[in-house]
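First up is the structure itself, then whatever we jot down about it.
Shown next as structure tokens:
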């Protein structure tokens, strides 16, 4: 029996229409290259996105064609987020931190026809330009400087009256965007989002227990728009009419805190390394900024240690932890407290909030062991697998890879995790980040978090190094806070409260900075390279 | 270009699975017939709903078959909400306030195969039983009394181990529920909901600016579960793990306030007439109940006057206004303030909150005039039309009716409304509730709301009565609060601040109660009947 409900597809265009009709005067604020502020509204975003769509259609772009962006986080990029799908085309965000030949590979693999590029990124673009086939390169004059010879000017490209523009009609499962994963093995692979998955993801992340996104919010997205849709915030915030605040390339702590103050930001999104620098700035000059009370700070990309959560609470800033992947659009879980946690001591609450969290509605998780799905007992550890309407079931142009997808249709995340009886997921490690010492597994993430709980430590990463008897042993690479001191003995003592003796590293290296991926995560492959000839000092 | 996203259908079963896996210990509290409290959890709900599903399948129920309920609001009804769709069948909620022959007509029209009925409603059921074809009648022993001879006992019917039960597989557009509209003309017609529309509606209403539904909530649904899914709360609350609180048939003010106190309710849903009695109880004995601070009270079904919003603010209870219809699953709009309203005087805020509100994401509204869609200027008044994935596009078993649907696929709501530039919709009237006096329209709703703002007035309804010269004139039927007095002159004077002289009624009737529909709305057809021979006193 079929229902009598209308067959209305879920479309990004509906979000754009709503933002204009109901929230036309709400603001989008972006930094320009010279750090001055550019202000616009959803009403103007609507007009200009539709102008871009009409211009793309006139330029010969057809439904399903890929249009790439090489852009920082700002309102012009947001126009592309709406304008490219409004043309029926596919927004392909390029990761500007990749090497030029990787970017070229990705453009060619996706068969991008047109590229939109920030004027200040033209020098980067020119490094890969000889390697790619693009029909047209359109330069967005974000700096006010003249657009270099030989390129289209974005403002001229979109100039027109598009008030009568009509969206092409297509199915909700049509592609609207794509993003390549920066995999550590093999060539990058494309994940292709649909209008349906994007709208559902926006609804899911906006829920009260998730990002709690409301028209009263001002959202600062430090997470790059070139990576996994900046956690879906551009779409979710537009859907509810929240102000959007974008830092462009200015991601220093003082610049971000200035923006948070001037725009009265209520919700900010970023990786832990960004919040670590913010924490240090607030500790150095806590009186400098008058921030809105109770700012929520969304942390993902890698784990936020409980110590960071506790440190921010002192400044009335609330860390919210999450887990996601490009393959999940990207948000899979967020950590929130249940009513039964309300009476727990603060330290225990921080511990729960530091877990990766609860799967969003419509996202299903399981822990796969050798003998099938494992119990949600908080102890059984296995590979984390995911399924849901905003989870990818494959990669663009790639045969189905049994390393990435199970025969019954779940995504193999590559993370090793457990789930407790209350539904909180906890990642122990990436499969390749576990350390096998004397036949027992040691979690590098747990030890890192504990070391980062020491007041003298800014950052720490733990990797496996060789040991003649125990096979592998943990090595802790530690970055101390400027002006702080801590001895190996003191750090080992600090760990004794949490770990068995055999789990505590005997090998320590004090370094200047942890190497990072282009998206700000610890780049452990680099670290492993740096220490590949290190032999553990643990007695045999 | 197709996306790489998984093809995961939106299913009610996912909500049930999630409620069990993640919120298994959260509570559902219901009144029994003797007013004692019945407590259960989502874990038990999950088990019993799946037992019901397995029992229905064993009884021969096949996907798409209709299973009816004749039940009050309680946990057993919630089991039917999940268990019937979990069998692939269609939950058909019967309105127990209808006349027995209407109920019989509806059962036969829907071709219900099985009926679940509360034991205390067996006498009602027996009135229509001879008129219907039902294969099986299953009695739910809510009172503890023995199930009458000749009927199945629900507890015996579902008793089994259903832990291995597997949901049938079907499309997300398959029917999961149906509800007949209590239309004022013609026979009732069935609206058929789908799994997809139900899941999307749950996501939409749960959003922060909508019901703001969270795991920390305890939700009291006074809105009947036999009518339009009790505003979708049973599904939305289960999705986020909120406690659910059900009053069964005990809807007196003191009983409801007792429940709100004992269960620390944070969100309550009902029609204005329910909240009017609560307001009177709180005014009489405000110290009697220790309620949770800041309870949100969702009001829909008919308009809540600004005076009611203001009166509740004094008790730290926040009225949230909405508009919906059975045809919209049912929520179409809710009223919330935008940041620019934060600095307005309280009276102006109440005025905005008393509007029908802003369309939910994915719901589209338009105001249709004689020459096409009208401007959102807050003044242009025309027929309200709606479209969206949880809006019905037809009625069960009925040919498409041009009085209800436009040729381009919008639902004609039968409401007369305007929308202001900020997106707030305001219903002036039902088409048939407008009063045409001397060629000019008078809105009965506006005058009713203003009269109800007078401190001596409990309720008021305005209808058209005949006038030899002006064609129609408004008559105000007024119910005074117990012990209060107000003269016609005083009430007319009260209206002068808001209305032109010609709009103010010259005809007044003080009555004991406004007649109501089975769902608690003012039944103006009855009132018009009562006053059909009245001739207006307005001078010609």
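Protein chains in written order, with my numbering: chain A, 13 to 552; chain B, 13 to 552. Note that CB positions come from ideal geometry on N, CA and C, so glycine has one too.
Cut-off 7 Å between Cβ atoms - residues of its own chain near residue i, not counting five sequence neighbours on either side
i: residue 304 of chain B; result: 276, 277 and 278
i: residue 385 of chain B; result: 378 and 379
i: residue 196 of chain B; result: Only weak support is given to the placement of residue 196 of chain B: the predicted model assigns it a pLDDT of 46, under 50, and the value that follows is read from those uncertain coordinates. Hits under 7 Å: 537.
i: residue 84 of chain B; result: 130, 260 and 261
Start and end residues, beta strand (DSSP E) containing residue i
i: residue 34 of chain A; result: First-last for residue 34 of chain A: 24-35, but that is the alpha helix (DSSP H), not the beta strand (DSSP E).
i: residue 53 of chain A; result: 49-53
i: residue 182 of chain A; result: Here residue 182 of chain A belongs to no beta strand (DSSP E), and DSSP marks it neither H nor E.
i: residue 219 of chain A; result: Unbroken run through residue 219 of chain A: none, as it is neither H nor E.
i: residue 520 of chain A; result: 519-522
i: residue 448 of chain A; result: 446-449
i: residue 311 of chain A; result: 307-311
Own chain, CB closer than 6 Å to residue i, minus 5 neighbours either side, in chain order
i: residue 60 of chain A; result: 91
i: residue 402 of chain B; result: 209, 212, 213 and 341
i: residue 192 of chain B; result: 118, 200 and 202
i: residue 105 of chain A; result: 81, 191 and 238
i: residue 86 of chain B; result: 42, 258 and 260
i: residue 77 of chain A; result: 101 and 125
i: residue 454 of chain A; result: 447, 486 and 515
i: residue 399 of chain B; result: 376 and 422
i: residue 17 of chain A; result: none
Close beta carbons around residue i, own chain, < 8 Å, minus the five adjacent residues each side
i: residue 267 of chain A; result: 43, 47 and 259
i: residue 228 of chain A; result: 254 and 278
i: residue 37 of chain A; result: 53, 54 and 55
i: residue 543 of chain A; result: 475, 477, 487, 489 and 521
i: residue 49 of chain B; result: 41, 42, 43 and 274
Unbroken alpha helix (DSSP H) run spanning residue i, endpoints
i: residue 315 of chain A; result: Segment: none, residue 315 of chain A is in no alpha helix (DSSP H) and carries neither H nor E.
i: residue 89 of chain B; result: 87-98
i: residue 505 of chain A; result: 500-508
i: residue 81 of chain B; result: Per DSSP, residue 81 of chain B belongs to no alpha helix (DSSP H); it is in the beta strand (DSSP E), 78-82.
i: residue 275 of chain B; result: Taken as a continuous stretch (DSSP letters only), residue 275 of chain B belongs to no alpha helix (DSSP H), as it is neither H nor E.
i: residue 536 of chain A; result: 536-542
i: residue 117 of chain B; result: 112-122
i: residue 365 of chain B; result: 358-365
i: residue 245 of chain B; result: 245-252
i: residue 434 of chain B; result: Unbroken run through residue 434 of chain B: none, as it is neither H nor E.
i: residue 295 of chain A; result: 284-296
i: residue 456 of chain B; result: 456-464
Candidates the options: closest to residue i by CA position
i: residue 28 of chain A; options: A:67, A:71, A:81 and A:95; result: A:95
i: residue 390 of chain A; options: A:238, A:83, A:433 and A:417; result: A:433
i: residue 271 of chain B; options: B:100, B:241, B:296 and B:307; result: B:307
i: residue 548 of chain A; options: A:184, A:529 and A:520; result: A:520
i: residue 318 of chain A; options: A:107, A:461, A:471 and A:506; result: A:461
i: residue 126 of chain A; options: A:36, A:354, A:81 and A:142; result: A:81
i: residue 528 of chain B; options: B:144, B:352 and B:473; result: B:473
i: residue 499 of chain B; options: B:20, B:463 and B:440; result: B:463
i: residue 478 of chain B; options: B:153, B:518, B:493 and B:459; result: B:518
i: residue 416 of chain B; options: B:395, B:429 and B:430; result: B:395
i: residue 534 of chain B; options: B:414, B:526 and B:75; result: B:526
i: residue 252 of chain B; options: A:217, A:507 and A:265; result: A:217
Bridge partner(s) assigned by DSSP for residue i
i: residue 191 of chain B; result: B:203
i: residue 485 of chain B; result: B:477
i: residue 335 of chain A; result: A:345
i: residue 109 of chain B; result: In the DSSP output, where bridge partners are listed per residue, residue 109 of chain B has none listed.
i: residue 148 of chain B; result: B:126
i: residue 257 of chain A; result: A:41 and A:232
i: residue 491 of chain B; result: B:471
Check: residue i C-beta below 7 Å from any heavy atom of the ligand COA
i: residue 136 of chain B; result: Only the bare structure without any ligand can be found here, which leaves the ligand COA out of the picture.
C-beta neighbour in chain D for residue i, strict 8 Å
i: residue 185 of chain B; result: Among the chains of the structure shown, chain D does not appear; the protein chains present are A and B.
Q. Enumerated in chain order, which unbroken segments of the beta strand (DSSP E) with a length of 3 residues or greater are wholly contained in the stretch 373-413 of chain B?
A. Segments of the beta strand (DSSP E) lying fully in the stretch 373-413 of chain B: 376-381 and 394-399.
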